[in-house]
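**Student:** Residues in the sequence shown are numbered from 2 upward in steps of one, following this note's numbering.
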Amino acid sequence: MYLGLRDIRAAMGRFALVTSVVALITLLLVMLTGLAGGLADQNTSALKALGPDRYVFSAAGEPSFTSSSVTTGDEEAWQDAAGPDADVVPLGIATTRVDARGTAEPVTLMGLPAGTPVPGGDVPDHGLLLPESLGGTADTEYMNHQPVAWADLDTWEAMTGASSPTVLMVTADLSDDDWDAAADSTGTVATTVDDSFAALPAYQSERGSLLAIQGLLYGISALVVVAFLSVWTIQRTRDIAVLRALGASTRYVVADAAAQAAVILTVGVTAGGAAGGLLGALVAGAVPFTLSLWTFLLPPVGVFLLGMCGALVAMHRVSTVDPHLALGASA
2 MYLGLRDIRA AMGRFALVTS VVALITLLLV MLTGLAGGLA DQNTSALKAL GPDRYVFSAA
62 GEPSFTSSSV TTGDEEAWQD AAGPDADVVP LGIATTRVDA RGTAEPVTLM GLPAGTPVPG
122 GDVPDHGLLL PESLGGTADT EYMNHQPVAW ADLDTWEAMT GASSPTVLMV TADLSDDDWD
182 AAADSTGTVA TTVDDSFAAL PAYQSERGSL LAIQGLLYGI SALVVVAFLS VWTIQRTRDI
242 AVLRALGAST RYVVADAAAQ AAVILTVGVT AGGAAGGLLG ALVAGAVPFT LSLWTFLLPP
302 VGVFLLGMCG ALVAMHRVST VDPHLALGAS A
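#1: Just verifying my parser: in three-state terms, what is the DSSP assignment at residue 111?
#2: How would you call residue 261, buried or exposed, if buried means at least 16 neighbouring beta carbons within 10 angstroms?
#3: Assign residue 13 to one of two classes, buried (16 or more other C-beta atoms within 10 Å of its C-beta) or exposed (fewer than that).
#4: If the criterion is Cβ atoms closer than 7 angstroms, does the pair residue 145 and residue 109 meet it?
#5: Tell me the residue span of the alpha helix (DSSP H) that contains residue 228.
#6: My guess is that residue 38 and residue 291 are in contact by the Cβ rule of under 8 angstroms, so how many angstroms apart are they, rounded?
#7: Rank 272, 169, 28 by C-alpha distance to the C-alpha of residue 334 and give the top, closest one.
#8: Which residue's Cα is closest to the Cα of residue 149: 68, 178, 232, 130?
#9: Using CA atoms only, rank isn't needed, just tell me which of 178, 264, 48 is closest to residue 94.
#10: Reducing DSSP to helix, strand and coil, say where residue 104 ends up.
#11: List the endpoints of the continuous beta strand (DSSP E) containing residue 64.
#12: Mind listing, in chain order, the continuous beta strand (DSSP E) runs of no fewer than 3 residues lying wholly within the stretch 70 to 154?
#13: Let me check understanding here. Comparing Cα to Cα, which of 270, 151, 272, 234 lies closest to residue 257?
#14: Look up residue 169 in the DSSP assignment and say whether it is helix, strand or coil.
#15: Pick out whichever of 27, 187, 65, 45 has its Cα sitting closest to the Cα of residue 77.
#16: Closest to residue 8 by C-alpha separation, out of 299, 26, 265, would be which residue?
#17: Pull up the distance between the alpha-carbon of residue 151 and that of residue 113, whole angstroms please.
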């Protein structure tokens, strides 16, 4: 590692350029990861907060929160299938407007039996429980990128014009096979909370687009490291040849090059991750952005690992330097 560190000190311009590019890519990935998580939460946080073991949809076609409709018969059938200790709760979901702070605000209105616990309160016997973002007292949860307001089922039906709830929330101590058997016997579709997200309109395409962009940036980070380190290695050929001529083993010079790449990547991803964390904290109140360890650790670790894989490609030249030919060519 001695030669690698001396080379970094002697070529601070190149070092700053490479680390700046790595830092910028890491920053972009941190921001994109946080935005992807924030957008996902604005689509699904209410479903996560309710947290049943399964959401049960009507069996007509693919599960969908916009077209599903369950009946009292479905509720009774699931109570029988899941057992007397199971908790089977109807849930109505619809988009509407409510009067809040003197204006009509778009919300996702969720209807539940009166008294049902929800984030930040209980469903009232009559009327609405508004989220804090609309001047209410309930925690602000989101679905379909709109804040969620809570109502009893009678109020929900009156405000939305729906005649029956959308899905059932079932909590029971059942195995996966038992859940499948219960769904088959009741003629419905039961999904886990995470699987139910696919029943949201545009969730899959939105999520897929953001993940594709993240994947491209990870690939670009590896290519950038390969390109820069390959050029840097070519410029170090004479120094490497001198080491080989003095008796340094291939393993030593490869380890030296790997250590140099690790230093470059560590500085780059640390700077980019720190900048991303600071910027994310600043914008979290203005845009949907998830602040979590996953957001700030995954991109730097991913860029570092992909960068080291790319460095292995660049180090192939190091392992094949012929000291006699290299010194002769430089003479």
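Glycine is no exception: its CB is placed at the ideal position from the N, C-alpha and C atoms.
Remember, predicted model here, so these are calculated numbers, not experimental data.
**Tutor:** Short version:
#1: Working through the sequence shown from its first residue, we reach residue 111 at position 110. DSSP places residue 111 in strand when its eight states are reduced to three.
#2: Here the question's residue 261 lines up with position 260 in the sequence shown. By the neighbour-count rule (16 or more Cβ atoms within 10 Å), residue 261 is buried.
#3: Here residue 13 refers to the residue found at position 12 when the sequence shown is read from its first residue. The residue is exposed, with fewer than 16 neighbouring Cβ atoms inside 10 Å.
#4: Against the sequence shown, residue 145 aligns to sequence position 144. Against the sequence shown, residue 109 aligns to sequence position 108. The answer is yes: Cβ separation under 7 angstroms.
#5: Here residue 228 refers to the residue found at position 227 when the sequence shown is read from its first residue. Its alpha helix (DSSP H) spans residues 204 to 236.
#6: Counted from its first residue, the sequence shown places residue 38 at position 37. Counted from its first residue, the sequence shown places residue 291 at position 290. Right, the Cβ-Cβ distance comes to about 3 angstroms (below 8 angstroms), so this counts as a contact.
#7: Only positions 2 to 332 of the chain appear in this structure, which leaves residue 334 out of reach.
#8: Numbered from its first residue, the sequence shown carries residue 149 at position 148. Of the listed residues, the one whose Cα sits closest to residue 149 is 130.
#9: In the sequence shown, residue 94 corresponds to position 93, counting from 1. Taking only the C-alpha atoms, the option nearest residue 94 is 48.
#10: Taking the sequence shown and counting its residues from 1, the one referred to as residue 104 is at position 103. Of the three classes helix, strand and coil, the one that applies to residue 104 here is strand, per DSSP.
#11: On the sequence shown, position 63 is the one that residue 64 refers to. It is not in any beta strand (DSSP E) - residue 64 carries neither H nor E in the DSSP assignment.
#12: 88 to 101, 104 to 113, 147 to 153
#13: Along the sequence shown, one-based indexing puts residue 257 at 256. Closest by alpha carbon: 234.
#14: In the sequence shown, counting from the first residue as 1, residue 169 sits at position 168. Residue 169 falls in the strand class under three-state DSSP.
#15: Taking the first residue of the sequence shown as 1, we reach residue 77 at position 76. When each option's Cα is compared against that of residue 77, the closest is 187.
#16: Walking along the sequence shown from the start, residue 8 turns up at place 7. Residue 8 has its Cα closest to that of 265, out of 299, 26, 265.
#17: On the sequence shown, residue 151 is found 150 positions in, with the first residue counted as 1. On the sequence shown, residue 113 is found 112 positions in, with the first residue counted as 1. Using only the alpha carbons, I get a separation of about 8 angstroms.
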